[in-house]
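So the structure is just underneath, and the comments pick up after that.
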Amino acid sequence: PGFSFESVPNLMSGTNPAHTTIERAAPVPGEQFYDPNFGTIVTCVTDADYIHSRHEYARFDPFNVDQTRIILDPDTRWRVYDTSALPYNRPENQVMVIDLEEPRWDPDDPDVIWGLYDFEIRTVNVATQQVSVVKDFAQDPVIGPLINSEPVFRITTREEGEPSTDMRYWVFFLQGDAAVDYVPRYIFTWDEQTDSVLGLYEVAANEVDIDYIGMSSLGNWIIIGGDDWNEGNLKGLTVADVELTQFWNVGLIGHQDVALTTDGREVLVGQNTATDHVDVIVLGQNPQSMPLIQLFYSDPSPFGMQSGIHVSCNTPGFCVISTYIEPGLPERNWLDRSIVLVKLNLNEPTGYYLAKVRGTTGAYYEETHASISDDGKKVVWATNWGANVGQEQVFMMQLDMPENWKQTLVNTDRSPTEAPQGYRLEQNAPNPFNPNTTIRYSVRDNGPLSISVYDMLGRELGILASGNHLAGEYEVDVDTGVLADGRGLSSGIYLYQLTARKHRETRKMVVLK
Numbered sequence: 001p002g003f004s005f006e007s008v009p010n011l012m013s014g015t016n017p018a019h020t021t022i023e024r025a026a027p028v029p030g031e032q033f034y035d036p037n038f039g040t041i042v043t044c045v046t047d048a049d050y051i052h053s054r055h056e057y058a059r060f061d062p063f064n065v066d067q068t069r070i071i072l073d074p075d076t077r078w079r080v081y082d083t084s085a086l087p088y089n090r091p092e093n094q095v096m097v098i099d100l101e102e103p104r105w106d107p108d109d110p111d112v113i114w115g116l117y118d119f120e121i122r123t124v125n126v127a128t129q130q131v132s133v134v135k136d137f138a139q140d141p142v143i144g145p146l147i148n149s150e151p152v153f154r155i156t157t158r159e160e161g162e163p164s165t166d167m168r169y170w171v172f173f174l175q176g177d178a179a180v181d182y183v184p185r186y187i188f189t190w191d192e193q194t195d196s197v198l199g200l201y202e203v204a205a206n207e208v209d210i211d212y213i214g215m216s217s218l219g220n221w222i223i224i225g226g227d228d229w230n231e232g233n234l235k236g237l238t239v240a241d242v243e244l245t246q247f248w249n250v251g252l253i254g255h256q257d258v259a260l261t262t263d264g265r266e267v268l269v270g271q272n273t274a275t276d277h278v279d280v281i282v283l284g285q286n287p288q289s290m291p292l293i294q295l296f297y298s299d300p301s302p303f304g305m306q307s308g309i310h311v312s313c314n315t316p317g318f319c320v321i322s323t324y325i326e327p328g329l330p331e332r333n334w335l336d337r338s339i340v341l342v343k344l345n346l347n348e349p350t351g352y353y354l355a356k357v358r359g360t361t362g363a364y365y366e367e368t369h370a371s372i373s374d375d376g377k378k379v380v381w382a383t384n385w386g387a388n389v390g391q392e393q394v395f396m397m398q399l400d401m402p403e404n405w406k407q408t409l410v411n412t413d414r415s416p417t418e419a420p421q422g423y424r425l426e427q428n429a430p431n432p433f434n435p436n437t438t439i440r441y442s443v444r445d446n447g448p449l450s451i452s453v454y455d456m457l458g459r460e461l462g463i464l465a466s467g468n469h470l471a472g473e474y475e476v477d478v479d480t481g482v483l484a485d486g487r488g489l490s491s492g493i494y495l496y497q498l499t500a501r502k503h504r505e506t507r508k509m510v511v512l513k
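First residue of the sequence shown? That's 1 in our numbering, and the numbers climb one at a time after it.
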């Protein structure tokens with residue numbers, strides 16, 4: 001077996017190779033099997049327990065930052081499980097049940113979950129089970145008076161939004177109560193670092209039909225999922241500035257996710273129901289869109305598409321497109337019952353086949369909802385394996401991606417003349433630093449490489465990079481808190497060393513607390 005990363009010849013074509021779903025019995029919990037189509041190992045990671053055995057949604061990474069825990073069960077309360085043994089949802093793996101809406105893992109702390117409760121942002125430490133209030137908007141000088149005087153009952157994104165990746169920038173509805181039919185009354189943005197409201201917008205009566213609201217990846221833009229029959233500023237999917245003073249309609253966009261391109265631009269990837277494409281929309285004033293994948297829903301030919309789609313762009317530079325199909329519909333298009341990876345290089349986007357989907361969708365939580373983890377190491381999805389269709393008796397499948405796959409695929413953008421002429425280990429920046437810094441390095445030849453950190457006595461404190469590398473340019477982020485077996489680094493001078501074949505290079509870095 002070997003992960004092949006078979007390329008999709010042309011994302012805008014309907015005649016790409018359509019891989020056959022290999023018939024086999026449904027896997028038992030914990031079972032792995034080999035998919036010869038793509039040279040991959042796929043694992044059944046949960047026991048079927050209706051919707052309690054699946055993740056929330058394609059947009060959200062269910063794993064914490066070190067993938068030692070997972071959030072499952074998109075029901076009224078959420079269950080956190082340890083991932084050290086399969087199936088994940090075995091009773092002895094359960095860590096706790098959390099009473100929060102819209103739970104999102106902290107990007108750095110593997111024990112912390114953020115979520116909403118009434119008018120509060122809260123965190124839960126699942127190791128200590130301590131609950132902390134990050135912000136109570138009922139006490140905010142701008143939002144508090146609205147809460148006290150208006151018929152509202154909670155802050156929400158309506159379950160489908162999220163803050164910026166670093167958890168600094170947030171956007172919410174103040175949702176009306178039963179007296180006003182639960183419509184959004186206000187939209188507001190908040191900066192966690194400065195504890196300040198950045199923008200406030202009163203939603204007019206002809207603008208209240210909104211599916212969700214969320215921030216872009218870096219927090220520079222707001223995505224408002226207005227319905228097509230809205231009027232005013234919020235007609236259709238809308239991009240706004242964080243001050244909520246400018247609004248741009250971007251068309252009839254269905255399922256979508258915010259993303260970063262391979263060169264770091266903020267974009268939205270979503271299904272354009274008007275043009276029959278998956279589009280990439282570059283966020284900014286007067287957002288610009290470009291077609292990414294032709295869907296062929298309206299095409300009467302033999303490759304007309306039969307499936308619905310979901311989008312997951314959690315890992316920078318890439319997104320995963322997954323499809324789901326209803327009972328009685330045959331597979332006709334190369335995307336039907338499939339999961340594909342798309343590299344978000346806007347000059348030359350590229351697709352790769354990942355997996356075939358064996359489920360059939362008769363109810364919402366039977367939809368595939370493939371989600372790629374924030375670090376790109378795992379892809380998970382829900383399936384019923386075509387049995388008990390409509391009863392939402394699903395379990396979760398997992399594909400473990402190969403080590404260094406992102407560097408491998410990003411470096412395919414380089415021409416041979418761009419390959420580095422030698423190995424090079426650059427000085428970390430910033431330096432001195434606390435707690436984070438970045439180290440850049442160049443690799444001349446394909447092959448194994450490692451970068452390790454040592455104290456001045458030569459004791460190894462951690463490995464920053466390892467495994468096979470393709471020739472190219474790389475960078476690695478250093479977090480002092482995870483080195484020295486999790487004890488972290490104190491102030492002082494440390495060495496970091498690159499070793500590749502016969503090449504060895506060492507530099508010093510300074511931690512200053």
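C-beta: ideal position from N, C-alpha, C; glycine also.
{"Asked": "Cβ contact (3+ pairs, closer than 8 Å) linking the segment 163-182 and the segment 208-217", "Found": "yes"}
{"Asked": "Expected contact under 8 Å - CB spacing of S442 and Q497 to nearest Å", "Found": "At roughly 15 Å, the Cβ-Cβ gap does not stay under 8 Å, so S442 and Q497 are not in contact."}
{"Asked": "C-beta atoms of V65 and W105 nearer than 8 Å", "Found": "yes"}
{"Asked": "Short Cβ contact (8 Å threshold) for V97 with V126", "Found": "no"}
{"Asked": "Where the beta strand (DSSP E) containing N436 begins and where it ends", "Found": "436-443"}
{"Asked": "Residue from V379, T238, E192 whose Cα sits closest to the Cα of D211", "Found": "T238"}
{"Asked": "DSSP-derived helix/strand/coil call for Q67", "Found": "coil"}
{"Asked": "Given G458 as reference, the closest of A471, K508, I70 once Cα atoms are compared", "Found": "K508"}
{"Asked": "Cut-off 6 Å between Cβ atoms - residues of its own chain near R154, not counting five sequence neighbours on either side", "Found": "D118, Q175"}
{"Asked": "Inter-residue spacing [alpha-carbon to alpha-carbon] between N388 and D49", "Found": "12 Å"}
{"Asked": "L409 in three-state terms, based on DSSP", "Found": "helix"}
{"Asked": "Nonlocal neighbours in the same chain, by C-beta distance under 7 Å from D477, ignoring five residues either side", "Found": "N436, T438"}
{"Asked": "Own chain partners of E56 with C-beta closer than 6 Å, once the 5 adjacent residues on each side are dropped", "Found": "P74"}
{"Asked": "Three-state class that DSSP yields for R53 in the structure shown", "Found": "Position check: residue 53 holds Ser in this sequence, whereas Arg was assumed. S53 falls in the coil class under three-state DSSP."}
{"Asked": "Segment contact flag, the segment 138-149 with the segment 196-203, C-beta cutoff 8 Å, min 3 pairs", "Found": "yes"}
{"Asked": "Every unbroken beta strand (DSSP E) within the segment 144-179, with a cutoff of 3 residues, ordered by chain", "Found": "152-156, 169-176"}
{"Asked": "Supposed contact pair G304 and N333 - C-beta distance, whole angstroms, cut 8 Å", "Found": "7 Å"}
{"Asked": "Sequence-distant residues of the same chain with beta carbon closer than 7 Å to N10, five excluded per side", "Found": "N16"}
{"Asked": "Residues near D108 in its chain [Cβ-Cβ closer than 7 Å; skip 5 each side]", "Found": "V65"}
{"Asked": "Rounded straight-line distance, which links the Cα of T262 to that of I372", "Found": "16 Å"}
{"Asked": "Residue closest to L335, alpha-carbon to alpha-carbon, out of T368, V171, T499, Q398", "Found": "T368"}
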